[in-house]
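Report on the following structure.
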Amino acid sequence: MLGANFRYQVFTSYSHRDSEQARRIHKYIETYWVDKKFVGRVTKSGLVPRSLRPAFFDRDEFTAGDSLASQTRAALDSSKNLVVICSPDAARSKYVNEEVRYFKSLGRTHNIFPIIISGEPNNLENECFPAALRYNLDEAGNVSSIAADPPLAADMRPDGDGEDYAIQKLVAGLLGLGVDKIVSRMMRRQRLTRRALLAYAIVTTVIAISSTLIAWSTWKLCN
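Residues in the sequence shown are numbered consecutively from 1, following our numbering.
Structural data, given as structure tokens:
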């Protein structure tokens, strides 16, 4: 267990029409390597974990009715955070809306992390946020007509944060760390990767030149 009876670090909520992008985002979350210097640090989200695994990602448990399957409710009960893949299809999805509503009813509103992949917030024709994100719940736990505070979402759209930075913002939120720490770590890894590629290219070039010189010397000796 992850503490506080959480089995999962993350539950990913998405429309079936967004499966491809949702799966990519979910895979990034699951395979994200947390820098050792951050592990165990106390943040507003609790202790920084070693990784964001396990994470829940499953669409096969839904029934044909309007309510969530018992297995899905159990997974939401056992999830520390909810990532919502936001798009017009997600805004229209009764399942995504119900997952958000149910998670809110558990008292975990501040552990909901939206990420926009398409659409436009507060746009009647192209809304990307489900109603349960845009409105507060009433005392019975149902979506009310009272507007909630605007969700602080990572934005993958080209005119938003862009894909790379949006995912870094999402991870930073899940870990309770400043996005600057996550981005600087990413840039450091990119520099190391570039150095490794440069070193490989140099070694490969040296080997190629040496092989050519040896072949030329052998040819000269034989002629």
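All C-beta atoms in this analysis are idealised placements derived from N, C-alpha and C, irrespective of residue type, glycine included.
A Cβ-Cβ separation of about 20 angstroms leaves K169 out of contact with A148 under the 8 angstroms criterion.
When secondary structure is reduced to three states using DSSP, V48 falls in the coil class, being assigned neither helix nor strand.
Of the residues assessed, G40 falls on the exposed side of the cut-off, its CB having fewer than 16 other CB atoms within 10 angstroms.
Comparing C-alpha distances from Q21 to each of Q71, G160, D58, I85 shows the shortest one belongs to I85. Considered as a whole, the region 113 to 169 harbours 131 to 134 as its complete alpha helix (DSSP H) runs of no fewer than 4 residues, in chain order. Y32: not part of any beta strand (DSSP E); DSSP gives it neither H nor E. Per DSSP, N111 lies in no alpha helix (DSSP H) segment and is marked neither H nor E. Counting the other CB atoms within 10 Å of its CB gives S70 a total below 16, which places it among the exposed residues. Your pair D18 and S87 checks out as a contact, with CB atoms roughly 5 angstroms apart and the cut at 8 angstroms. For the set L52, Y32, T31, T43, the Cα lying nearest the Cα of F6 is the one of L52. CA-to-CA, the gap between A74 and I207 works out to about 58 angstroms. Remark: C-beta atoms of V83 and V10 approach each other more closely than 8 angstroms.
CA-to-CA, the gap between I146 and F57 works out to about 30 angstroms.
Each of W33, S15, S13 was checked against the Cα of A172, and the nearest Cα belongs to W33.
In terms of CA proximity to Y28, D164 leads the group D164, I209, P150.
Nearest in C-alpha terms to N142, of all of L152, P158, E98, is E98.
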